[in-house]
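**Student:** The numbering of the sequence shown is our numbering, which starts it at 285 and goes up by one.
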Amino acid sequence: MEILGSFDLACQVADFIGPERVLAKVGGGTNRIRAAGVIKGNLVIEAPGKSSVIRVVFEHPDPHLVQPVLGQLITNYLDRHFTIHRAPGVFDDFLSKRADDLRLSLKETEDALIKLKRETGVVAVEDTKKAYADQISKINIELVSAEAELAAQRAALGEP
285 MEILGSFDLA
295 CQVADFIGPE
305 RVLAKVGGGT
315 NRIRAAGVIK
325 GNLVIEAPGK
335 SSVIRVVFEH
345 PDPHLVQPVL
355 GQLITNYLDR
365 HFTIHRAPGV
375 FDDFLSKRAD
385 DLRLSLKETE
395 DALIKLKRET
405 GVVAVEDTKK
415 AYADQISKIN
425 IELVSAEAEL
435 AAQRAALGEP
């Protein structure tokens, strides 16, 4: 009901009908905001009880204007209602499907990259760093061992 009684919807109806027609018998003019105010001000919207029926009444000094205003108001309301309440679900479905498609595409690309790296012998930078660190560690251990052996040999020969 808030959409139906909104000033924005009244502006759309005033634009469609024409501000000069809406204002002709209420002082005249072409101001769309004033025309929307006349529409909104002469509109009564009721929803009796828990009914799904909405009662809409529009009064205007020009009786030939009442039907077109109500018709356009209902048309614009239905369009807006659909846009607000239905479109997000459709759009959410579209986005969910698109996200699933992108996840699948990413997985396939990652798998292809891993396979290509294996085939070409390319290793990750982190793996290379770890291999070099392990090799340096092994060389340092061998160096300490060689220095200890050298010190033992010197001691056996009586060298300082």
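Backbone N, C-alpha and C fix where the C-beta goes; we use that ideal spot for every residue, glycine too.
Predicted model only: the values in this text are computed from it and were never measured.
1) Check whether the Cβ atoms of V340 and I329 sit closer than 9 Å, and answer yes or no.
2) Keeping to the same chain, check which residues put their C-beta closer than 7 Å to that of Q296; ignore five residues upstream and five downstream.
3) Would you tell me roughly how many angstroms separate the C-alpha atoms of E392 and K401, rounded to the nearest one?
4) What is the DSSP secondary structure of E330, counted as helix, strand or coil?
5) With a threshold of 8 Å on Cβ separation, who are the neighbours of P332 within its own chain once the five nearest residues in sequence on each side are excluded?
6) Between L293 and the rest of its own chain, which residues show a CB-CB distance below 8 Å, the 5 nearest in sequence each way excluded?
7) Which complete alpha helix (DSSP H) runs does the region 290 to 347 hold, if anything under 4 residues is left out?
8) Identify whether V407 lies in helix, strand or coil by the three-state DSSP scheme.
9) Does DSSP classify I287 as helix, strand or coil?
10) Just how far apart, CA to CA, sit I398 and T404?
11) Quick one: using the 10 Å Cβ neighbour count with 16 as the cut-off for buried, is P303 buried or exposed?
12) What is the DSSP secondary structure of G355, counted as helix, strand or coil?
13) What is the DSSP secondary structure of E443, reduced to helix, strand or coil?
**Tutor:** Looking at the atomic coordinates:
1) yes
2) N360
3) 14 Å
4) strand
5) R339
6) I287, L357, N360, Y361, R364
7) 291 to 301, 303 to 307, 316 to 325
8) coil
9) coil
10) 10 Å
11) buried
12) helix
13) coil
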